[in-house]
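By the working numbering, the letter at position 255 of the sequence shown is numbered 259, and the numbering carries on one by one without gaps.
C-beta atoms are modelled at their ideal positions from N, C-alpha and C, and glycine is treated no differently.
Notes for the one structure printed next.
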Amino acid sequence: MVEEEIGELLPMSDPTNIGQWTLNTDISDEFEGEALDETKWLIQGRNGEYKSNFVGRPPSQFSTENVRLEDGKLKLETRWDPDYNFSPATHPRTGEEFKNITTAAVITKKEFLYGYMEVKCKAADAEITSSFWATGNNTEFDFFEMFGDHRQSNKLWRDQELWWSIHDWSSDGQGRTTYTEHHDLGFRVASDFHVYGFEWDANGLKIFIDGELFRFVSKATINAYDDVANSNGGNGAKENFVVTKPIALWFDQETFPWHGVPDSKADLELSSPIGEKEDGKVDFEIEYLRVWQKS
5 MVEEEIGELL PMSDPTNIGQ WTLNTDISDE FEGEALDETK WLIQGRNGEY
55 KSNFVGRPPS QFSTENVRLE DGKLKLETRW DPDYNFSPAT HPRTGEEFKN
105 ITTAAVITKK EFLYGYMEVK CKAADAEITS SFWATGNNTE FDFFEMFGDH
155 RQSNKLWRDQ ELWWSIHDWS SDGQGRTTYT EHHDLGFRVA SDFHVYGFEW
205 DANGLKIFID GELFRFVSKA TINAYDDVAN SNGGNGAKEN FVVTKPIALW
255 FDQETFPWHG VPDSKADLEL SSPIGEKEDG KVDFEIEYLR VWQKS
């Protein structure tokens, strides 16, 4: 897509541009090239660079080989990869090792403050996350952490879950959650593509699903959340709405051991369609990322 065409795009949630949005072309990406534009994106681990010193959530580890563009989409791969040269480090709290599973993460090289983010994507249909989140200035903003295929009987509905959170990584919060919500979307996130929109400003967050307003959470509501009681002390007396400075955007995949971890190639691909059960990988597919800001 040429630059002139990209500039004409408008949010699905505001097709007549009542909000007077301007597309941020430094961050937005249609993923239509032959390879990911590494002037815009860091592939986590490229040349040994790991943003936030994050190499993956054990047992999975990020690999630079698990990122590709195909059919006009960014595809992040989770692979059954027991022969990979895994880090000898272990998880600082659980002691868990990196082994068997490689995943991927990509991060925007430029940051921005406030705007409307829109992602068209389909989660991987496996025991793995497909996530869109952000970091910057001692904060973490998790827009969604989808888990495509829950196997635990008490969690089957979570195949339809939108889970979003805010974390404070300052010395007060030390990464603890300052606000979080779980919602049932009414559809499996790994079954089809959907458009997820997030309008972030100084007043809070609006979430849009396929162009329709799904949830508005005000700054006041976020600050009223009892993070001290609900998150092991949270960030104490500080405001919970800490996402008030520029952020960089991430797409990634991680293992969440509390939901279940694939224990074999066949287990990883259990829900893959016929014809794709022998390639040893599952994909988180992103058709586009678009970011608009106020004119």
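- Between His186 and Trp167, the gap from beta carbon to beta carbon is short of 8 Å.
- If you draw a straight line from the Cα of Glu291 to the Cα of Asp75, it comes to about 9 Å.
- Contact check for Leu209 against Trp84 fails: the beta carbons are separated by 8 Å or more.
- Here the alpha carbon of Ser299 sits roughly 6 Å from the alpha carbon of Thr26.
- Counting only runs of at least 4 residues, the region 80–153 fully encloses no alpha helix (DSSP H) element at all.
- The region 188–199 makes contact with the region 116–129: 3 or more CB pairs, one atom from each, lie closer than 8 Å.
- For Val286, the uninterrupted beta strand (DSSP E) run begins and ends at Lys285 to Lys298, by DSSP.
- Note on the region 16–59: whole beta strand (DSSP E) runs with a minimum of 3 residues are 25–27 and 45–47, in chain order.
- Here the region 106–121 lies against the region 55–69, with 3 or more beta-carbon pairs under 8 Å apart.
- Taken atom to atom, the span from the alpha-carbon of Arg61 to that of Asp256 is near 11 Å.
- Taking Asn70 as reference, the option from Gln297, Trp296, Val295 and Asp283 with the minimal CA-CA separation is Asp283.
- Within a 10 Å sphere around the beta-carbon of Pro15 sit 16 or more other beta-carbons, which makes this residue buried.
- The alpha carbon of Ala206 has as its nearest neighbour, out of Leu217, Ser222, Phe288 and Asn158, the alpha carbon of Ser222.
- Between the alpha carbons of Gly201 and Met121 lies a distance of about 6 Å.
- Apart from sequence neighbours up to five positions away, the residues of its chain that approach Tyr54 with a beta-carbon distance below 7 Å are Gln48, ordered along the chain.
- DSSP lists Leu73 and Ile290 as the beta-bridge partner residues of Leu78.
- Boundaries of the alpha helix (DSSP H) around Leu272: Lys269 to Leu272.
- Boundaries cannot be given for Ile278, as no beta strand (DSSP E) includes it and DSSP labels it neither H nor E.
- Taking the Cβ atoms as the reference, Ser56 lies roughly 19 Å from Thr184, outside the contact range of under 8 Å.
- For Leu217, the number of other beta carbons within 10 angstroms of its own is below 16, and it is reported as exposed.
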